[in-house]
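Structure first, commentary second.
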Amino acid sequence: MNFAYIRVSTEIQSYEGQRFEIEHWSAQNGIIIDKWVQEKVSGNQRLQKRTLGKLLKQMRKGDILVCTEISRLGRNMMMVMSILNTCSQKGIQIRSIKDNFELSDSLNSKIIAFAFSLAAEIERNLISQRTREALAAKKYAGIKLGRPSGPSKQRKCFEDHYEMILRNLDNGQTIRQIALR
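The opening position of the sequence shown corresponds to residue 170 in this note's numbering, with each subsequent residue numbered one higher.
Rendered as structure tokens:
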């Protein structure tokens, strides 16, 4: 079977770009994707807690795992190497589209995977470092970081309509009916 794996890290990211790339690549290469797996999770999350971990458990020898790039599997070198090792032991091939690699049990595949996973980890560390530096610069400039103080929008709305809510509850309306107003 052929599996496509898509991972985004945050709620603001979208699956569509990766899905488009995989669909385009599979059409060009005459490969039919039997199952699509996507998740919103940090690449640092332990494999056992990720959908990818469950997918790897169900995959069998001869299966193919397609992803847009190695960094989608994990964000640090040790995790990616562990995933590649698991796939190698089970006879699962990994196709990385952007990197244009077919990773299998060969020595060349392992060297390439090592290089790309190391590059992904370095990239992640640089992004974290730049973020910390930018936040420190803002803090030094006197810009307040974090959520604004004070009540949340929901609490403010509740407080503004508290009397009306009580009246409607006394008149027999449900909380759902009141909330829909």
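Here a beta-carbon is modelled for each residue, glycine too, at the ideal position from N, C-alpha and C.
Through-space distance from residue j to residue i, alpha-carbon basis
i           : j           : result
residue 317 : residue 252 : 41 Å
residue 229 : residue 348 : 50 Å
residue 337 : residue 208 : 42 Å
residue 202 : residue 186 : 16 Å
residue 184 : residue 178 : 10 Å
residue 329 : residue 312 : 30 Å
residue 250 : residue 303 : 31 Å
Unbroken beta strand (DSSP E) run spanning residue i, endpoints
i           : result
residue 240 : It is not in any beta strand (DSSP E) - residue 240 carries neither H nor E in the DSSP assignment.
residue 262 : 262-265
Proximity to residue i [Cα-Cα], best of the options
i           : options               : result
residue 237 : 293, 337 and 192      : 192
residue 293 : 203, 306, 243 and 311 : 243
residue 175 : 232, 323 and 221      : 221
residue 210 : 306, 296, 241 and 291 : 241
Nearest-angstrom beta carbon gap, residue j and residue i [assumed within contact, 8 Å]
i           : j           : result
residue 272 : residue 258 : The pair is not a contact, with the Cβ atoms about 13 Å apart (cut-off 8 Å).
Contacting residues, own chain, Cβ-Cβ under 8 Å from residue i (five flanking each side not counted)
i           : result
residue 308 : 314
Cut-off 6 Å between Cβ atoms - residues of its own chain near residue i, not counting five sequence neighbours on either side
i           : result
residue 278 : 272
residue 224 : 206
residue 195 : 202
residue 256 : 263
Residues near residue i in its chain [Cβ-Cβ closer than 7 Å; skip 5 each side]
i           : result
residue 287 : 246
residue 285 : 239 and 268
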